[in-house]
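Residue numbers (the numbering used here): 5 to 293.
The beta-carbon is built from N, C-alpha and C at its ideal position, and this holds for glycine as well.
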């Protein structure tokens with residue numbers, strides 16, 4: 005709660021207190037980032053998006069962070085007072101979210117900045133209050149997403165083309181130093197780039213691209229392979245992107261790795277199609293190989 009500490013001092017204290025035997029700062033850095041965002045970055049009036057089964061709740065911060073000693077055993081001692089914009093029994097469905105915000109809500113056991121979606125969150129609150137139902141435009145958007153997904157899956161794109169397509173897509177989102185890793189030396193990571201959306205410092209992100217048929221699920225072995233590649237490449241956050249879907253075992257494995265300090269995010273075919281719909285088809289540029 006000490007306001008004079010910077011992020012790196014937070015991280016050192018957490019490392020010494022909770023992870024003294026760790027050889028690196030990965031788990032301490034993840035925990036420090038969460039604590040920093042909650043205690044220092046959040047301001048009165050900021051929105052907080054809270055994922056629940058099948059949807060999200062939205063709250064608005066109404067005061068500073070505080071600590072309750074009697075809640076230490078529950079691991080909920082650090083708190084914020086908020087005003088809820090959604091009812092407990094009626095969350096906002098995830099299929100109402102733009103793909104980027106939808107992806108952020110899949111980060112479990114941690115937190116992430118979503119400042120670029122403030123306008124979208126405000127819009128969701130307004131629609132929720134008005135009890136808005138699906139419109140013609142919503143249906144049209146869904147149809148376009150389905151067509152995009154069908155084109156991605158029909159097999160005209162080779163794996164190397166899929167990698168380059170994803171590289172151009174993240175570049176269009178603002179990623180820096182985008183590089184494609186080809187061949188046996190890619191160590192399970194196909195694309196590497198630098199992102200600043202995840203926290204205070206530049207984040208090294210790696211993508212494992214899987215251009216699969218929709219009938220095939222990505223299994224746990226791909227998550228394990230990606231985790232090993234992320235360790236070898238010193239990746240902070242790993243993302244597995246597929247035109248198909250993920251098995252329950254793969255989702256559980258990603259959560260286990262994230263809880264251990266290596267954040268792994270999963271992006272399936274429908275999410276990818278939504279992202280393309282929002283950003284548009286990227287134009288080729290000088291992405292390094």
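Euclidean distance between Cα positions of residue i and residue j
{"i": "residue 174", "j": "residue 157", "result": "20 Å"}
{"i": "residue 135", "j": "residue 236", "result": "49 Å"}
{"i": "residue 186", "j": "residue 170", "result": "14 Å"}
{"i": "residue 119", "j": "residue 13", "result": "24 Å"}
{"i": "residue 78", "j": "residue 70", "result": "15 Å"}
{"i": "residue 22", "j": "residue 9", "result": "18 Å"}
{"i": "residue 18", "j": "residue 220", "result": "41 Å"}
{"i": "residue 167", "j": "residue 48", "result": "41 Å"}
{"i": "residue 247", "j": "residue 94", "result": "31 Å"}
{"i": "residue 66", "j": "residue 31", "result": "30 Å"}
{"i": "residue 262", "j": "residue 268", "result": "6 Å"}
{"i": "residue 76", "j": "residue 84", "result": "15 Å"}
{"i": "residue 106", "j": "residue 210", "result": "19 Å"}
{"i": "residue 20", "j": "residue 26", "result": "9 Å"}
{"i": "residue 89", "j": "residue 161", "result": "43 Å"}
{"i": "residue 176", "j": "residue 241", "result": "19 Å"}
{"i": "residue 305", "j": "residue 37", "result": "The requested residue 305 does not occur in the structure, where the chain is confined to residues 5 to 293."}
{"i": "residue 16", "j": "residue 212", "result": "31 Å"}
{"i": "residue 82", "j": "residue 116", "result": "17 Å"}
{"i": "residue 243", "j": "residue 253", "result": "16 Å"}
{"i": "residue 280", "j": "residue 178", "result": "14 Å"}
{"i": "residue 255", "j": "residue 42", "result": "26 Å"}
{"i": "residue 104", "j": "residue 200", "result": "14 Å"}
{"i": "residue 227", "j": "residue 264", "result": "14 Å"}
{"i": "residue 11", "j": "residue 127", "result": "32 Å"}
{"i": "residue 46", "j": "residue 260", "result": "27 Å"}
Neighbour-count burial assignment, residue i, 16 or more Cβ in a 10 Å radius
{"i": "residue 163", "result": "exposed"}
{"i": "residue 92", "result": "exposed"}
{"i": "residue 231", "result": "buried"}
{"i": "residue 277", "result": "buried"}
{"i": "residue 137", "result": "Unreliable positioning characterises residue 137 in this predicted model, as indicated by a pLDDT of 39, which lies under 50. A coordinate reading is not provided."}
{"i": "residue 39", "result": "buried"}
{"i": "residue 73", "result": "exposed"}
{"i": "residue 33", "result": "buried"}
{"i": "residue 180", "result": "exposed"}
{"i": "residue 165", "result": "exposed"}
{"i": "residue 35", "result": "buried"}
{"i": "residue 80", "result": "exposed"}
{"i": "residue 139", "result": "Low confidence applies here, because residue 139 scores a pLDDT of 46, under 50, leaving its location unreliable; read the following figure in that light. It is exposed - the Cβ of residue 139 has fewer than 16 other Cβ atoms within 10 Å."}
{"i": "residue 133", "result": "exposed"}
{"i": "residue 273", "result": "buried"}
{"i": "residue 282", "result": "exposed"}
{"i": "residue 58", "result": "exposed"}
{"i": "residue 154", "result": "exposed"}
Cβ distance (whole Å) where residue i is taken to contact residue j below 8 Å
{"i": "residue 51", "j": "residue 102", "result": "Wrong, their Cβ atoms sit about 15 Å apart, outside the cutoff."}
{"i": "residue 206", "j": "residue 196", "result": "Actually they are not in contact, since the Cβ atoms of residue 206 and residue 196 sit about 12 Å apart, beyond 8 Å."}
{"i": "residue 53", "j": "residue 129", "result": "No, residue 53 and residue 129 are not in contact; Cβ-Cβ is about 11 Å, not under 8 Å."}
{"i": "residue 172", "j": "residue 208", "result": "Not confirmed; about 19 Å, so no contact."}
Proximity test, residue i beta-carbon vs the ligand ZN heavy atom, cut-off 7 Å
{"i": "residue 123", "result": "Within the structure as shown, the ligand ZN is missing, as the structure has no ligands at all."}
Closest residue to residue i among the options (Cα-Cα distance)
{"i": "residue 86", "options": "104, 225, 63", "result": "63"}
{"i": "residue 275", "options": "221, 150, 263", "result": "150"}
{"i": "residue 266", "options": "11, 22, 28", "result": "28"}
{"i": "residue 284", "options": "133, 184, 152, 249", "result": "152"}
{"i": "residue 229", "options": "272, 192, 251", "result": "192"}
{"i": "residue 108", "options": "25, 222, 60, 23", "result": "60"}
{"i": "residue 225", "options": "19, 251, 124", "result": "251"}
{"i": "residue 56", "options": "97, 166, 35, 49", "result": "97"}
{"i": "residue 270", "options": "155, 245, 214, 133", "result": "245"}
{"i": "residue 249", "options": "264, 280, 260, 215", "result": "215"}
{"i": "residue 131", "options": "155, 100, 154, 110", "result": "100"}
{"i": "residue 223", "options": "258, 194, 233", "result": "258"}
{"i": "residue 233", "options": "24, 46, 194", "result": "194"}
* Asked: Which parts of the region 221-293 are runs of the beta strand (DSSP E), unbroken and 3 residues or longer, counting only runs that do not cross its ends?
  -> 241-246, 267-271
* Output the residue ranges of the beta strand (DSSP E) runs that lie fully inside the region 56-98 and measure 3 residues or longer, sorted by chain position. => 59-65, 86-88
* Asked: Going along the chain, which unbroken runs of the beta strand (DSSP E) with 3 or more residues stay wholly within the region 166-190?
  -> 180-184
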